[in-house]
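Asker: The opening residue of the sequence shown carries number 80 in my numbering; numbering runs sequentially from there.
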Amino acid sequence: MMYYSTNDPTHRVDGRTAVLAGLAPDGGLYMPETIPRLPEAFFDSLHEQTLQDIGFTVAQAFLGDDVPDDKMREIVVKALDFDIPLKPLRTLPLSKGELEGVAVHVLELFHGPTLAFKDVGARFMARLMGHFVQNEDGERTILVATSGDTGSAVASGFSGVPGIRVVILYPSGKVSRLQEAQMTSLGGNVIALEVDGVFDDCQKLVKQAFVDPELTNRLRLSSANSINIARLIPQTFYYFWAVAQLERTSPLSFDPPPARGSFDSELTVEEGARGGGSGEVIVSVPSGNFGNLTAGLIAKRMGLPVERFIAATNGNDVVPEYLETDVFRPRPSVATISNAMDVGNPSNFARMRELYPSVEAMREDIVGIKVSEEETRETIAHVYRDTGYTLDPHSAVAYAALVGYGQGGIFLATAHPAKFKDVVEEATGQPVVLPERLAACLSKQKTSIKLPADFETLKKFLLF
Numbered sequence: 080m081m082y083y084s085t086n087d088p089t090h091r092v093d094g095r096t097a098v099l100a101g102l103a104p105d106g107g108l109y110m111p112e113t114i115p116r117l118p119e120a121f122f123d124s125l126h127e128q129t130l131q132d133i134g135f136t137v138a139q140a141f142l143g144d145d146v147p148d149d150k151m152r153e154i155v156v157k158a159l160d161f162d163i164p165l166k167p168l169r170t171l172p173l174s175k176g177e178l179e180g181v182a183v184h185v186l187e188l189f190h191g192p193t194l195a196f197k198d199v200g201a202r203f204m205a206r207l208m209g210h211f212v213q214n215e216d217g218e219r220t221i222l223v224a225t226s227g228d229t230g231s232a233v234a235s236g237f238s239g240v241p242g243i244r245v246v247i248l249y250p251s252g253k254v255s256r257l258q259e260a261q262m263t264s265l266g267g268n269v270i271a272l273e274v275d276g277v278f279d280d281c282q283k284l285v286k287q288a289f290v291d292p293e294l295t296n297r298l299r300l301s302s303a304n305s306i307n308i309a310r311l312i313p314q315t316f317y318y319f320w321a322v323a324q325l326e327r328t329s330p331l332s333f334d335p336p337p338a339r340g341s342f343d344s345e346l347t348v349e350e351g352a353r354g355g356g357s358g359e360v361i362v363s364v365p366s367g368n369f370g371n372l373t374a375g376l377i378a379k380r381m382g383l384p385v386e387r388f389i390a391a392t393n394g395n396d397v398v399p400e401y402l403e404t405d406v407f408r409p410r411p412s413v414a415t416i417s418n419a420m421d422v423g424n425p426s427n428f429a430r431m432r433e434l435y436p437s438v439e440a441m442r443e444d445i446v447g448i449k450v451s452e453e454e455t456r457e458t459i460a461h462v463y464r465d466t467g468y469t470l471d472p473h474s475a476v477a478y479a480a481l482v483g484y485g486q487g488g489i490f491l492a493t494a495h496p497a498k499f500k501d502v503v504e505e506a507t508g509q510p511v512v513l514p515e516r517l518a519a520c521l522s523k524q525k526t527s528i529k530l531p532a533d534f535e536t537l538k539k540f541l542l543f
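(1) Roughly how many angstroms separate the alpha carbons of isoleucine 528 and serine 522, rounded to a whole number?
(2) Okay, do the stretch 223-230 and the stretch 244-259 touch, 3+ Cβ pairs below 8 Å being the bar?
(3) What is the rounded straight-line gap between the Cα of valine 137 and the Cα of arginine 95?
(4) Find the nearest neighbour of aspartate 444 within the set Ala460, Leu402, Ala303 and Ala479, judged by alpha-carbon distance.
(5) Between the Cα of proline 164 and those of Leu186, Asp145 and Ala158, spot the shortest distance and give me the residue it belongs to.
(6) My parser needs the beta strand (DSSP E) runs of 3 or more residues fully inside the stretch 429-484; what are they?
(7) Going by beta-carbon coordinates alone, are cysteine 520 and serine 264 separated by less than 8 Å?
(8) Unbroken alpha helix (DSSP H) runs of length 4 or more, entirely within the stretch 243-284: which are they?
(9) Can you look up arginine 152 in the DSSP assignment and give me helix, strand or coil?
(10) With C-beta atoms as the reference, is proline 313 less than 8 Å away from phenylalanine 203?
(11) The ligand COA and leucine 383: does any heavy atom of the ligand fall closer than 7 Å to the residue's C-beta?
(12) Who does isoleucine 377 pair with in a DSSP beta bridge?
(13) In the DSSP output, what is threonine 404 paired with across the bridge?
(14) Rounded to whole angstroms, what's the CA-CA distance from proline 167 to valine 422? Just pull it up for me.
(15) Pull up the CB-CB distance for alanine 390 and valine 364, whole angstroms please, since I reckon it's below 8 Å.
(16) Lysine 539 to leucine 434, Cα distance in whole Å?
(17) Counting only beta-carbon atoms, is glutamine 213 nearer than 8 Å to chain D?
(18) Report yes if the CB atom of alanine 201 is closer than 8 Å to the CB atom of serine 235, and no otherwise.
(19) Go ahead and label serine 437 buried or exposed: buried means 16 or more other beta carbons lie within 10 angstroms of its beta carbon, across all protein chains shown.
(20) Kindly indicate the opening and closing residues of the beta strand (DSSP E) around alanine 103.
(21) Taking just the CA atoms, how far does phenylalanine 211 sit from leucine 294?
(22) Spatial neighbours of phenylalanine 534 within its chain, please: C-beta separation below 7 Å, excluding the five flanking residues on both sides.
(23) Determine, using beta carbons only, whether alanine 224 and cysteine 281 come nearer to each other than 8 Å.
(24) Quick one: what's got a C-beta closer than 7 Å to glutamate 215's C-beta in the same chain, skipping five residues either side?
Okay, structure coming up:
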């Protein structure tokens with residue numbers, strides 16, 4: 080399969096080139112020339128397949144021309160060596176109207192090494208790039224901007240990979256203490272740059288680097304956040320996996336909840352886990368740079384039975400605003416407690432526009448819902464109080480948006496609550512126990528280099 084630039088459809092490259100380049104020379108994002116529709120037999124047996132089986136089938140649909148079957152299966156199996164469970168969540172609404180008689184499910188994406196959903200994409204991409212560069216001479220530089228979890232996932236995924244240097248830009252003082260510790264404690268081939276600015280400044284610097292002639296001539300640059308198609312493709316896997324798990328659980332059987340609250344346990348998939356009564360699913364996605372949502376949209380184009388996606392945002396609501404007004408108005412991001420979503424000019428909006436010819440067409444598949452800081456805190460508190468389940472701030476945004484939409488469905492839990500310990504403890508009034516792997520990061524020495532939000536300074540660092 081060939082890939083084209085969102086800035087110039089005539090610029091086309093093969094999969095290997097798209098993955099290793101990350102960004103097109105004209106600054107565009109790579110998109111597959113076609114989105115393959117998976118065969119009916121795949122969906123007929125979806126409930127019988129493993130996560131690794133699903134990942135292999137989807138990955139080969141996009142990259143089968145570039146990676147042999149046996150190598151692709153090895154990449155997928157090694158990348159997806161942790162669980163991604165779909166769990167029923169009995170819960171009461173946040174004063175948004177009654178949702179009795181429907182099922183709400185949570186897809187837990189935080190069981191990987193850095194306890195965030197980005198482990199899926201980062202681990203797949205690291206192994207795929209390692210395969211592509213194994214016969215190259217010299218070093219390749221992975222340059223990535225992060226608003227939180229991308230940096231730690233990329234650092235973990237690429238740590239120790241031969242022939243690759245990783246440079247991570249993150250906004251100083253605007254990521255959690257644990258996120259920073261995960262990025263700055265590895266050393267070796269991983270370098271953390273602490274930028275005096277916000278995420279949008281970091282992202283702008285990375286984009287400038289990829290179109291700077293001197294840098295691109297002297298360095299072999301690649302990206303590792305969701306602007307790279309190799310991060311996006313594996314993020315489609317877990318949407319298929321969520322539906323596969325949902326199909327196994329009809330009728331649903333609930334165990335007693337671990338805490339207060341009551342809920343009718345005699346629920347079936349047909350009574351609300353699927354939305355709209357059509358046998359398809361509603362999925363609420365916490366959204367920042369919109370790679371996660373774009374991956375879901377691609378999965379839907381491949382045939383996945385999702386009726387509608389909810390683009391759930393915090394105060395950085397440029398995409399919900401676009402869906403309402405047909406005006407895309409990027410602006411500086413505002414800091415929130417769901418910091419990984421603090422993006423004022425989401426890169427993947429360019430891919431979303433490629434998927435839809437008009438805002439009217441986009442509205443058929445996506446509804447945008449903004450969740451305030453107060454609602455986010457209230458959601459963490461009341462879900463814990465009523466169900467015993469602990470949400471991190473990003474997952475709380477997704478849950479609140481799903482409740483606000485007024486139907487049952489699936490929401491994505493993108494980070495372990497311990498990564499946002501202070502916020503969660505304040506909301507719930509209960510201590511959050513740090514998993515051992517997070518506590519170990521805090522005991523290590525922080526190693527970062529402070530830089531101003533200035534491209535020439537970054538350029539000098541990269542070259543020398």
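Ideal Cβ placement from N, Cα and C applies to all residues, glycine included.
Answerer: To lay it out plainly:
(1) 19 Å
(2) yes
(3) 16 Å
(4) Leu402
(5) Leu186
(6) 445-449
(7) yes
(8) 256-263
(9) helix
(10) yes
(11) As for the ligand COA, it is missing from this structure, which has no ligand bound.
(12) Answer is none; isoleucine 377 lacks a bridge partner.
(13) Partner(s): none; threonine 404 has no beta bridge.
(14) 30 Å
(15) 7 Å
(16) 38 Å
(17) The structure shown contains no chain D; it is built from a single protein chain.
(18) yes
(19) exposed
(20) Segment: none, alanine 103 is in no beta strand (DSSP E) and carries neither H nor E.
(21) 21 Å
(22) Leu284 and Gln287
(23) yes
(24) Gly242
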